[in-house]
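So in the UniProt record's numbering, spot 133 of the sequence shown is number 133, and the numbers just go up one at a time. We put the CB at the ideal spot given by N, CA and C, even for glycine.
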Amino acid sequence: MAGFSDRSAEPLDLAVVPDPSVMIAFEFGDGLLVGHADGRRQRGSTVLGLAPGGLRVRGRGIECLQIRLSPIVAHAVLGDVVTAAGERPCAGGAMVALEDFWGPEARRVEERLRSASSWRERFAIADAALQRRYAAGRHVSPEVAYVWRQMVLRRGQIRIDALAAEVGWSRQRLWSRFRAQIGLPPKRAAQLLRFDHAAHRLAAGHSAGAVAAESGYADQSHLHRDVLAFTGVTPAAVAAAPWLAVDDSAWAVAGPHHALPGAHHPLSGAGASPSRSSASMPR
């Protein structure tokens, strides 16, 4: 989890780079607005599902605590709920008010975060809320959790049929269970993990050709098509994306660890001042 305070004179306006996590953004300031290219808008505390392409974060005077959860953890923390909009919490592109999943508890946590005197206290409040939800929630099946973790370890470069064989399931059964519990089909999830690795390598200054070769793409054109599909922009634009620029500082591996089993990597932007608290949940 990471906390952000935007005290700059200029309003924040930046594109969200898709990430292999389900994001919870607790807003306890006045200005957070998440907008989608299709015209949808969401104010206040929001849940963003996997691969949320076409999203922009806007606002002024934002005070926000952002949490990135592995989808195998988000399944328990958010619940297997279908909202009035027909969206599940992990579903690709989902953008739903946190209150739709947590009910009145979402408002209670917001108020406690707003009245807290420090980021350390806010992290502790959020951590306790996540712990409660995770302990009481319904967890994904061990087979699905195993497949996801193997995908993460291989950065998406693994055959789905081989994973199905490892857990003793048919390809069709894995596809169905994985999509229902993770939010994306296995192939799309693998593509997202591969893209995430490539995007951060591009942001670190590596050439598109080198990134394509080490990330498992057939060639540079293949990388270009994947980046365009996930973000709508070129690899060069992703390399300079402000959203990725704060990842190393806001979501570094080093730092204090809690007992919560799997949050990772941000909300970011010029003028945003991040504070960080890491967690030890499996990705």
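Which whole-angstrom value describes the C-beta separation of residue i and residue j, a residue pair presumed to lie in contact below a C-beta threshold of 8 Å?
{"i": "A165", "j": "A203", "result": "Wrong, their Cβ atoms sit about 35 Å apart, outside the cutoff."}
{"i": "F28", "j": "E110", "result": "5 Å"}
{"i": "residue 285", "j": "D6", "result": "A question about residue 285 goes unanswered here, because the residues of the chain that appear run from 1 up to 283."}
{"i": "L69", "j": "S21", "result": "6 Å"}
{"i": "S141", "j": "R177", "result": "6 Å"}
{"i": "V147", "j": "L130", "result": "At roughly 23 Å, the Cβ-Cβ gap does not stay under 8 Å, so V147 and L130 are not in contact."}
{"i": "G3", "j": "W119", "result": "5 Å"}
Just the C-alpha distance for residue i and residue j, rounded to the nearest angstrom, thanks.
{"i": "R112", "j": "A213", "result": "48 Å"}
{"i": "E87", "j": "A94", "result": "Residue placement at E87 is flagged as unreliable, the pLDDT there being 49, under the threshold of 50; the coordinate-derived value follows with that caveat. Cα to Cα, the separation comes out at about 6 Å."}
{"i": "P71", "j": "P186", "result": "12 Å"}
{"i": "A180", "j": "Q157", "result": "22 Å"}
{"i": "A208", "j": "R138", "result": "41 Å"}
{"i": "R43", "j": "R122", "result": "20 Å"}
{"i": "L98", "j": "C64", "result": "14 Å"}
{"i": "I160", "j": "Y217", "result": "16 Å"}
{"i": "L32", "j": "D38", "result": "18 Å"}
{"i": "L153", "j": "A190", "result": "11 Å"}
{"i": "F230", "j": "V238", "result": "10 Å"}
{"i": "H200", "j": "L244", "result": "7 Å"}
{"i": "D219", "j": "L228", "result": "15 Å"}
{"i": "H75", "j": "A198", "result": "26 Å"}
{"i": "residue 319", "j": "S215", "result": "The structure shown does not extend to residue 319, since the chain spans only 1 to 283, so no value can be given for it."}
{"i": "L50", "j": "W169", "result": "24 Å"}
In terms of DSSP beta bridges, what is residue i paired with?
{"i": "L12", "result": "G59"}
{"i": "I67", "result": "I24"}
{"i": "D226", "result": "DSSP lists no partner for D226."}
{"i": "H36", "result": "L55"}
{"i": "G232", "result": "BP columns for G232 are empty, so no partner."}
Which two residues bound the contiguous alpha helix (DSSP H) that contains residue i?
{"i": "S176", "result": "171 to 182"}
{"i": "V238", "result": "235 to 239"}
{"i": "V167", "result": "160 to 167"}
{"i": "L98", "result": "Segment: none, L98 is in no alpha helix (DSSP H) and carries neither H nor E."}
Since residue i is in the beta strand (DSSP E), which residue starts that stretch and which ends it?
{"i": "H206", "result": "First-last for H206: undefined, no H or E at that position."}
{"i": "Q157", "result": "Run containing Q157: none; DSSP gives neither H nor E here."}
Report yes if the C-beta of residue i is less than 8 Å from at least one heavy atom of the ligand ATP; otherwise report no.
{"i": "V233", "result": "Absent from the structure shown: the ligand ATP. Ligands present: none."}
Taking 9 Å as the CB-CB cut-off, is residue i touching chain B?
{"i": "P186", "result": "Checking the listed chains, one finds no chain B in this structure; it contains a single protein chain."}
Specify whether the stretch 187 to 198 and the stretch 127 to 135 touch according to this definition: at least 3 beta carbon pairs, one from each stretch, less than 8 Å apart. no
For the stretch 54 to 68 against the stretch 10 to 29, do three or more pairs of beta-carbon atoms, one drawn from each stretch, fall closer than 8 Å, so that the two count as touching? Under the three-pair Cβ rule at 8 Å, the stretch 54 to 68 counts as touching the stretch 10 to 29.
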